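Student:
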Amino acid sequence: MTRDEPPAYALLPTPDGSRTAFNARYGEAYGSRHGAAAQARHVFVEGTGTHWHPAPRVLEIGFGVGVNFRATLADTAARGTALHYRAYEFDPAPREVLRAVAEGGQGAEHPAWAALLAAWPETGGAQGEVEVEAGGVRVTVTFADVLAADLPRDWATALYLDGFSPSRNPEVWTPDFVARLAGALAPGGVLGTYSAAGHVRRALAAAGLRAERRPGAPGKRECLRAVRDVESGAWEVEEGPL
Ligand SMILES: C[S@@+](CC[C@H](N)C(=O)[O-])C[C@H]1O[C@@H](n2cnc3c(N)ncnc32)[C@H](O)[C@@H]1O
3 MTRDEPPAYA
13 LLPTPDGSRT
23 AFNARYGEAY
33 GSRHGAAAQA
43 RHVFVEGTGT
53 HWHPAPRVLE
63 IGFGVGVNFR
73 ATLADTAARG
83 TALHYRAYEF
93 DPAPREVLRA
103 VAEGGQGAEH
113 PAWAALLAAW
123 PETGGAQGEV
133 EVEAGGVRVT
143 VTFADVLAAD
153 LPRDWATALY
163 LDGFSPSRNP
173 EVWTPDFVAR
183 LAGALAPGGV
193 LGTYSAAGHV
203 RRALAAAGLR
213 AERRPGAPGK
223 RECLRAVRDV
233 ESGAWEVEEG
243 PL
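Per this note's numbering, numbering of the sequence shown is gapless, rising by one per residue and ending at 244.
#1: With C-beta atoms as the reference, is Phe24 less than 8 angstroms away from Ala38?
#2: Among Ala73, Thr144, Gly165, which residue has its Cα nearest to the Cα of Gly109?
#3: Shortest alpha-carbon distance to Val143 belongs to which of Ala84, Thr125, Leu119?
#4: Cβ of His245 within 8 angstroms of Cβ of Ala79?
#5: By DSSP, does Asn25 sit in helix, in strand, or in coil?
#6: Have a look at Ser1 and His53 and give me their C-alpha separation to the nearest angstrom.
#7: Just how far apart, CA to CA, sit Ala228 and Ser197?
#8: When you compare only the Cα positions, how much space is there between Val232 and Leu206?
#9: Using C-beta distances below 8 angstroms, list every residue in its chain close to Ile63, excluding the 5 sequence neighbours before and after it, in chain order.
#10: Let's test the definition: count the other Cβ atoms within 10 Å of the Cβ of Ala213 and tell me whether it reaches 16, buried, or not, exposed.
#11: If I follow the unbroken alpha helix (DSSP H) through Leu118, where does it start and stop?
#12: List, from N- to C-terminal side, the beta strand (DSSP E) runs of 3 residues or more that fit wholly inside the segment 61–140.
#13: Nearest by alpha-carbon distance to Gln41: which of Thr195, Ala208, Gly200, His201 is it?
#14: Measuring from the CB of Gly194, is there a heavy atom of ligand 1 at a distance below 7 angstroms?
#15: Of the residues Asp178, Thr22, Asp156, which one's Cα is nearest the Cα of Pro189?
#16: With a cut-off of 8 angstroms on the beta carbons, I'd call Val139 and Leu85 a contact; round off their distance for me.
#17: On the CB-based measure, 16 or more other CB atoms within 10 Å of its CB, does Thr125 come out buried or exposed?
#18: Reducing DSSP to helix, strand and coil, say where Arg59 ends up.
#19: For ligand 1, any of its heavy atoms closer than 7 angstroms to the Cβ of Val67?
#20: Out of Asn70, Tyr32, His36, Gly29, which has the shortest C-alpha to C-alpha gap to Glu48?
#21: Does DSSP put Phe166 in a helix, in a strand, or in coil?
#22: Where does Val192 sit, in a helix, a strand or coil, going by DSSP?
#23: Out of His55, Gly130, Leu61, Ala114, which has the shortest C-alpha to C-alpha gap to Pro94?
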């Protein structure tokens with residue numbers, strides 16, 4: 003990087019006191035500028051019902067700087083439940099970025115976060131995977147393009163679909179990929195995403211999920227959850243203003 007180039011990652015404080023980071027390559031923040039921890043809790047942890055599940059198995063696309071993971075960790079630790087978390091990330095940020103985003107935040111004191119940070123590639127940009135187990139939590143982050151990955155089948159009680167926006171990161175929002183994600187959900191499993199776009203909702207319904215709009219996290223009117231019913235088939239999508 004020359005002196006005049008912007009940094010690849012910039013720390014971004016948000017109004018709820020949590021942080022996210024800005025990714026210069028995508029020209030987007032990893033999480034909501036209106037409250038990164040609030041979005042993680044509302045859209046992903048509560049949106050998928052993970053906050054009451056007795057033994058959540060979470061699949062995340064993509065891991066980013068770990069805000070959703072720490073929100074989930076904080077929730078399961080407070081409830082004394084085990085957590086199995088699998089995530090994909092094809093462009094891991096350097097360890098220092100994850101550490102600085104998390105400092106003093108929820109889940110940052112948990113032994114699983116400390117172990118994950120210790121195993122995390124120092125300069126980012128790695129391939130392969132990291133897997134750690136600590137304090138009742140097992141977490142695996144696979145550093146690969148999720149489009150080419152063998153996803154688990156019928157496994158996830160919760161799926162966090164958290165790519166960059168559909169306009170900048172369209173490949174993780176296509177009907178074909180969303181259909182593959184639906185197959186990774188266990189019966190009764192729930193997918194949560196911050197997007198409320200009509201094409202995302204239609205892709206979820208076409209994949210046989212019961213897609214519902216719900217109020218959004220701070221700064222967004224709506225977000226989506228989509229349930230894999232025990233008996234699932236294609237669902238009609240209610241046409242709305244979005
Ligand atoms: C909005 S950010 C995720 C933020 C993250 N969930 C958090 O809590 O910090 C989107 C992430 O998805 C990753 N990503 C996008 N497309 C991907 C792909 N095809 N395979 C794997 N990771 C991908 C990006 O590199 C980025 O880190």
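Backbone N, C-alpha and C define an ideal beta-carbon position, used for all residues, glycine too.
As the structure is a computational prediction, the values presented were derived from the model and not from experiment.
Tutor: The short version:
#1: Cβ atoms of Phe24 and Ala38: not closer than 8 angstroms.
#2: Among Ala73, Thr144, Gly165, the Cα nearest to that of Gly109 belongs to Ala73.
#3: Leu119
#4: Nothing can be reported for residue 245: it is not among the residues displayed for the chain, which extend from 3 to 244.
#5: strand
#6: Because the chain spans 3 through 244 in this model, residue 1 falls outside it and cannot be assessed.
#7: 12 angstroms
#8: 16 angstroms
#9: Ala89, Tyr90, Val148, Leu161, Tyr162, Leu163, Asp164, Gly165, Val174, Leu183
#10: buried
#11: 113–121
#12: 85–90, 130–136
#13: Thr195
#14: With a threshold of 7 angstroms, the Cβ atom of Gly194 does not count as near ligand 1, since no heavy atom of the ligand is closer than that.
#15: Asp156
#16: Taking C-beta atoms under 8 angstroms as the contact rule, Val139 and Leu85 qualify, at a distance of about 5 angstroms.
#17: exposed
#18: strand
#19: yes
#20: Asn70
#21: coil
#22: Correct three-state label for Val192: strand.
#23: Gly130
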